[in-house]
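*Asks:* Following full-length UniProt numbering, the numbering of the sequence shown begins with 1 at its first residue and continues without gaps. Note that beta-carbon positions come from the ideal geometry of N, C-alpha and C, so glycine has one too.
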Amino acid sequence: MSIAENRRARYDYHIEEQFEAGVVLSGWEIKAIRAGQVQLTDGYVMIKNGELFLIGCRINALRSASTHVTPEADRTKKLLMHKAEIKRLVGKVEQRGFTLVPLNLHYKGGRVKADIALAKGKDQHDKRETEKKRDWEREKGQLMRHKVSSKG
1 MSIAENRRAR
11 YDYHIEEQFE
21 AGVVLSGWEI
31 KAIRAGQVQL
41 TDGYVMIKNG
51 ELFLIGCRIN
61 ALRSASTHVT
71 PEADRTKKLL
81 MHKAEIKRLV
91 GKVEQRGFTL
101 VPLNLHYKGG
111 RVKADIALAK
121 GKDQHDKRET
131 EKKRDWEREK
141 GQLMRHKVSS
151 KG
């Protein structure tokens with residue numbers, strides 16, 4: 001079940017490969033995620049000292065958050081992956097100019113996981129092409145619905 005999706009990622013980037021990573025969260029963040037207080041659109045993944053970190057993922061604290069905890073909405077979250085996978089990602093990001101982008105957050109076995117993608121940025125003309133395809137698909141669907149309803 002999907003929690004939050006980064007729709008701009010597929011619009012702004014060519015997705016090459018997809019990976020699943022665990023997310024290190026604190027208690028108030030889990031409660032806020034369950035309440036739907038998460039935003040992933042400005043997020044990106046950074047590699048520091050052989051570890052992955054999710055930056056720009058905003059989790060707004062609930063009003064009922066505990067008083068002894070100071071919730072920070074834009075806190076940097078650590079991502080958990082196997083060391084071999086991280087080394088492979090580091091090589092691709094450094095050598096070939098790829099970037100790591102979060103695609104979505106979802107539940108798996110009661111835990112919150114993040115799908116991250118190895119991606120390359122799209123040029124402006126590629127974005128226009130994507131938009132044209134999407135508009136045509138929408139228009140085609142409307143024409144088909146209109147055709148089916150007018151036959152009856």
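Just the C-alpha distance for residue 108 and residue 28, rounded to the nearest angstrom, thanks.
*Replies:* If you take the alpha carbons of residue 108 and residue 28, they lie about 19 Å apart.
*Asks:* Apply the 10 Å Cβ neighbour rule to residue 118 and answer buried if 16 or more other Cβ atoms are within range, or exposed otherwise.
*Replies:* Buried.
*Asks:* For residue 143, does the count of other Cβ atoms within 10 angstroms reach 16, so buried, or fall short, so exposed?
*Replies:* Classification for residue 143: exposed.
*Asks:* Identify the continuous alpha helix (DSSP H) that holds residue 95 and give its terminal residues.
*Replies:* Unbroken alpha helix (DSSP H) run through residue 95: 83-96.
*Asks:* Measure the beta-carbon distance from residue 32 to residue 59 and round it to whole angstroms, keeping in mind my assumption that it falls under 8 Å.
*Replies:* The pair is a contact, with the Cβ atoms about 5 Å apart (cut-off 8 Å).
*Asks:* Write down the C-beta distance between residue 54 and residue 23 rounded to the nearest angstrom, noting that I regard them as a contact closer than 8 Å.
*Replies:* Confirmed, Cβ separation roughly 7 Å.
*Asks:* Give the C-beta separation of residue 100 and residue 93 to the nearest angstrom, bearing in mind that I take them to be a contact with Cβ-Cβ under 8 Å.
*Replies:* Correct: roughly 6 Å between the Cβ atoms.
*Asks:* Check each candidate in 9, 25, 140 and name the one with the smallest Cα separation from residue 72.
*Replies:* Nearest option by C-alpha distance: 25.
*Asks:* Would DSSP call residue 144 helix, strand or coil?
*Replies:* Residue 144: helix per DSSP, three-state reduction.
*Asks:* For residue 2, write down the residues that DSSP places opposite it in a beta bridge.
*Replies:* Its beta-bridge partners are 106.
*Asks:* So, are the CB atoms of residue 120 and residue 11 less than 9 Å apart?
*Replies:* No, the pair does not count as a contact, with Cβ atoms beyond the cut-off.
*Asks:* Any idea which residues DSSP pairs residue 13 with across the strands?
*Replies:* 121.
*Asks:* From 18, 6, 1, 141, pick the residue whose C-alpha is nearest to that of residue 98; which is it?
*Replies:* The shortest Cα separation from residue 98 among 18, 6, 1, 141 belongs to 18.
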